[in-house]
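Going by my numbering, the first residue of the sequence shown is number 2, and it counts up by one from there.
Glycine included, every Cβ here is placed at the ideal spot set by N, Cα and C.
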Amino acid sequence: MLELTTTFTPADGSSPRTITLRISDVRPDPDGFTWSIAVDVLGFQYDDSVRLKQVDWAAAIEDAGRFIKRMVADKVELAGGGTLDPPVLPPET
Numbered sequence: 002m003l004e005l006t007t008t009f010t011p012a013d014g015s016s017p018r019t020i021t022l023r024i025s026d027v028r029p030d031p032d033g034f035t036w037s038i039a040v041d042v043l044g045f046q047y048d049d050s051v052r053l054k055q056v057d058w059a060a061a062i063e064d065a066g067r068f069i070k071r072m073v074a075d076k077v078e079l080a081g082g083g084t085l086d087p088p089v090l091p092p093e094t
């Protein structure tokens, strides 16, 4: 399991929140062809827990990292902006 705990300080001056980002449980799927991985983004207004599917374990891990970066950037934007400490870099375009 990979986990990062960061503090989100909203731009509107509201109280900082602890954000937990987690990648875990990478495993082959029962179909024998794909792999899946669990991704959790916890601590924003709504918690998100999803399973992503990919063609192999390495692609699943890479996809999970990209997915978290996109989701965190979107959640910070929806919250009206703010900072994360330690930071999570925005997704590459």
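### Query
Per DSSP, which one or two residues make a beta bridge with W58?
The residue you call residue 58 lines up with position 57 of the sequence shown. Note: W58 sits in no beta bridge, so no partner.
### Query
From Q26 to D48, what does the alpha carbon distance come to, in whole angstroms?
Counting from 1 along the sequence shown, the entry for residue 26 is found at position 25. Counting from 1 along the sequence shown, the entry for residue 48 is found at position 47. Note that residue 26 is Asp in the sequence shown, not Gln. The alpha-carbon of D26 is positioned some 18 Å away from that of D48.
### Message
Per DSSP, what are the beta-bridge partners of G83 in this structure?
### Response
Here residue 83 is taken as the residue at index 82 of the sequence shown, counted from 1. G83 is bridged by DSSP to P11.
### Task
Measure the beta-carbon distance from T7 to P92 and round it to whole angstroms, keeping in mind my assumption that it falls under 8 Å.
Here residue 7 is taken as the residue at index 6 of the sequence shown, counted from 1. Here residue 92 is taken as the residue at index 91 of the sequence shown, counted from 1. In fact, because the Cβ distance is near 16 Å, the residues do not count as touching under 8 Å.
### Task
Note down the Cα distance separating D64 from E78, rounded to an integer number of angstroms.
Indexing the sequence shown from 1 puts residue 64 at position 63. Indexing the sequence shown from 1 puts residue 78 at position 77. Between D64 and E78, the C-alpha separation is close to 21 Å.
### Query
How far does the beta strand (DSSP E) with V40 in it reach, from first residue to last?
The residue given as residue 40 occupies position 39 in the sequence shown. It spans 36-43 - the beta strand (DSSP E) in which V40 sits, taken as one unbroken run.
### Task
Over the uninterrupted beta strand (DSSP E) stretch that includes D26, give me the two end residues.
Here residue 26 refers to the residue found at position 25 of the sequence shown. In the DSSP annotation of this structure, the continuous segment of the beta strand (DSSP E) that includes D26 starts and ends at 18-29.
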